[in-house]
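In the working numbering, the protein residues as written are 793 to 1133.
Using N, Cα and C, we set each Cβ at its ideal position, and we do this for glycine too.
Only a predicted model underlies this, so the values are computations on that prediction, with no experimental measurement involved.
What follows is one structure encoded as C-alpha cells, with my remarks underneath.
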Amino acid sequence: MIIAMRTGATAEEVKRVVEEIAKQRLQSQTLEGQERTVIAVLGKIPDRGYLANHLIAFAGVESAYPIAEPYKLASKGAATQTVTIGEGERALKLGNGRVIIMAGPCSIESEGQLEIIAKEVKMAGASVLRGGAFKPRTAPRNFEGLGYEGLKLLKKMGDKFGLLTITEVMEIGDISLVADFTDILQVGARNAQNYNLLKALGKIRRPVLLKRGMSETFEELLSAAEYILDGGNPNVILCLRGIRTFEPATRNTSDIDGIAVLKEKTHLPIIFDPSHAAGYWQYVPSLSKAAIAAGADGLLIEVHHKPEEALSDGGQSLKPDKFAELMEELRLIARAVGREI
Ligand code: PEP
Ligand code: MN
C-alpha cells in the first residue's frame, strides 16, 4: 500500500503515520520527495480496505492506494484451472479454448415450449440449455417463472436431448433444490452482490455462473466471485451481460471490453451474454461474433420459437433459424481465431 502525504505535511504528521503502521505490526519505508513524502507499507496486510480507510483519517494524509488486488483466489496468479460442467459422457470443460454455447428461452413457459427450443438449439450445436424457472422481475405482477415445475422440465429436456443445463437461483433456501436439477447455477445481475447468496454458493461444488451487476466494476465482480471461491467452490464462471449507461438505443451497453480486461486479471472462464447486453434480437449476432473474436469462453443466448408470445424477453430472443445461422457464422469466427465450437 502506498500512502501519499499532502504537500506541506509536517514531519510530526509523517511520524504519526509511520508509528501507526508499526502499531499494526507492518513495516514501512518513507520516501521524501521534493514536494511531498510518500510512505510504502510493506508486508502482508490482513485487511487492506480497513487500513486504507483508517490511514486517510490521519492528519496530513492525502491518499492511500492498496497495490495488491482484493481478490486472491480469482486472480491470474492463483492456480489456473478449467471448470468442468456436468458428469459422465455429457461433461465438458470450460476455459480450455473450446467455445461453449448456452442457449434457450429466457423463461421456461411450458413443456411444449421448452421441448421445441431444446431440440432446435441442440440441432444447431449448443451444448447447454438455458431456461429460467425462478425469474427476477423488475416490477411485481409479471411472470415469475414456473419454479419447481420449471426445474423438472429443464432436467427432462436436458436428458432428452443430451444437453447440459443452466438456470438461475435467487434464494439461499433454493440452492440445494436447484443444484439437484441443473448443471450450472446462475446468479443474475440483480443478485450479483448478494453476498449471503454468494457465500452459500461457496459451500456447494456445482459450477456457478456469476453475472456482472448492472453497475458493477470489474474489481467488484472479481471480489464477488472471490466470495464463492473463498467458501471452497472453485467452479466459478463469470458472465458479462452489458451494463446500465445513458444510451437508450440498447437495453444495456455491451461490455465486450470486459473480456480483454478480465482475461488479464483472472483465470476464471468468461461467458458473454449478448441478449441482455443488446436487448434487441437484431444486435445479438454482431455482439456474439465480436465476443468470440475477443476471446470469450462461451456465449449465453436467448432463443424462442415464438418470440412474440414469450412471457419474458421476447424482443431480444433469436428465432431458431436465426440462431442456427449465427452458429454457422460463429464457427467461422472461432476457426479464424484458432478455436473450435
Ligand atoms: C436472464 O438470464 O434471463 C436474466 C434475468 O439475466 P440478467 O440477470 O443478466 O438480467
Ligand atoms: Mn432474460
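Q. When the Cβ atoms of the segment 865-884 are set against those of the segment 923-931, are three or more pairs found closer than 8 Å?
A. Result no; under three Cβ-Cβ pairs closer than 8 Å.
Q: On the DSSP bridge assignment, give the partners of S899 in chain order.
A: Under the DSSP definition of a beta bridge, S899 partners with G924.
**Q.** Under the three-state DSSP convention, the category Y1075 falls into
**A.** Annotated three-state conformation of Y1075 is helix, per DSSP.
Q: Could you tell me if the beta carbon of S1104 falls within a distance shorter than 8 Å of some heavy atom in the ligand PEP?
A: Flag set: Cβ of S1104 near the ligand PEP.
Q: May I ask which residues mark the beginning and end of the alpha helix (DSSP H) holding I1051?
A: For I1051, the uninterrupted alpha helix (DSSP H) segment begins and ends at 1049-1057.
Q) What do you reckon, are the CB atoms on L865 and I877 nearer than 9 Å? A) Contact flag unset, no.
Q | Own chain residues within Cβ distance below 7 Å of P858, not counting five before or after | A | Contacts found: M793, R840, A844.
Q: Determine the extent of the beta strand (DSSP E) in which I859 is found, giving its start and end residues.
A: No beta strand (DSSP E) contains I859, which DSSP labels as neither H nor E.
Q.
In the DSSP output, which residue or residues are listed as bridge partners for L886?
A. When beta bridges are read from the DSSP output, L886 appears opposite V875.
(Q) I want to know whether the segment 823-831 touches the segment 794-806 - three or more CB-CB distances under 8 Å. (A) A contact exists between the segment 823-831 and the segment 794-806.
Q | C-alpha gap between T802 and P862, whole angstroms | A | In this model, T802 and P862 are separated by some 31 Å (Cα to Cα).
(Q) Going by beta-carbon coordinates alone, are L1014 and L1032 separated by less than 9 Å? (A) Taking 9 Å as the Cβ cut-off, L1014 and L1032 do not qualify as a contacting pair.
Q. Out of curiosity, what's the CA-to-CA distance linking K767 and R808?
A. Nothing can be reported for residue 767: it is not among the residues displayed for the chain, which extend from 793 to 1133.
(Q) Please identify the residue among V891, A910, I893, G889 whose C-alpha is closest to the C-alpha of S899. (A) It is A910 whose Cα lies nearest to the Cα of S899.
Q. Roughly how many whole angstroms lie between the Cα atoms of T974 and E879?
A. Cα-Cα distance, rounded: 11 Å.
Q: Say yes only if the C-beta of R933 is nearer than 8 Å to one or more non-hydrogen atoms of the ligand PEP, and no if none qualify.
A: Checking every heavy atom of the ligand PEP against the Cβ of R933, none is found closer than 8 Å.
Q) Looking at H1096 and the ligand PEP, is the gap between the Cβ and the nearest heavy atom below 8 Å? A) Short note on H1096: C-beta not closer than 8 Å to any heavy atom of the ligand PEP.
Q) Is V1129 buried or exposed, if buried means 16 or more other CB atoms sit within 10 Å of its CB? A) With fewer than 16 other Cβ atoms within 10 Å, it is exposed.
Q) Which term fits L834, buried or exposed, when burial requires 16 or more other beta carbons within 10 angstroms of its beta carbon? A) Exposed, by the Cβ-count rule.
Q | Selection from L823, F1038, H1059, Q985 that minimises the alpha carbon distance to M962 | A | Taking only the C-alpha atoms, the option nearest M962 is Q985.
**Q.** Which of helix, strand or coil DSSP assigns to A844
**A.** DSSP places A844 in helix when its eight states are reduced to three.
Q) Can you list, in chain order, the residues of its chain whose CB lies under 7 Å from that of A981, leaving out five sequence neighbours each side? A) Excluding positions up to five away in sequence, the list reads K1003, R1004, G1005, M1006, R1033.
Q: For A1088, count neighbouring Cβ atoms within 10 angstroms of its own Cβ and tell me buried if that reaches 16, exposed if not.
A: Note on A1088: 16 or more other CB atoms within 10 angstroms of its CB, so buried under the neighbour-count rule.
Q: Answer yes or no: the CB of Q905 versus the heavy atoms of the ligand SAH, is any distance below 8 Å?
A: Judged by which ligands are present, the ligand SAH is missing from the structure shown, whose ligands are the ligand PEP and the ligand MN.
Q | Same chain, Cβ closer than 8 Å to L884, five either side skipped, listed in chain order | A | Answer for L884: T876, I877, G878, R890, I892, S919, L956, listed in chain order.
Q | Per-residue DSSP class, three states only, for G825 | A | Secondary structure of G825 (DSSP, three-state): coil.
Q: Leaving aside the five residues before and after A925 along the sequence, list all residues of the same chain whose C-beta is less than 7 Å from its C-beta, in chain order.
A: For A925, where only same-chain residues beyond five positions count, the Cβ hits under 7 Å are I900, G937, L938, G939, G942, L943, L946, T959.
Q. Any heavy atom of the ligand MN closer than 8 Å to the CB of G896?
A. Answer for G896: no, Cβ out of range of the ligand MN.
Q. Checking contacts by CB at 9 Å: is G950 closer than that to chain C?
A. Here there is only one protein chain, and chain C is not present.
Q) Taking DSSP as the reference, what is the three-state secondary structure of K815? A) Secondary structure at K815: helix, using DSSP grouped into helix, strand and coil.
Q) Looking only at C-alpha atoms, which of G1071, A1086, E805 sits nearest to E1094? A) For the options G1071, A1086, E805, the alpha carbon positioned closest to that of E1094 is the one of G1071.
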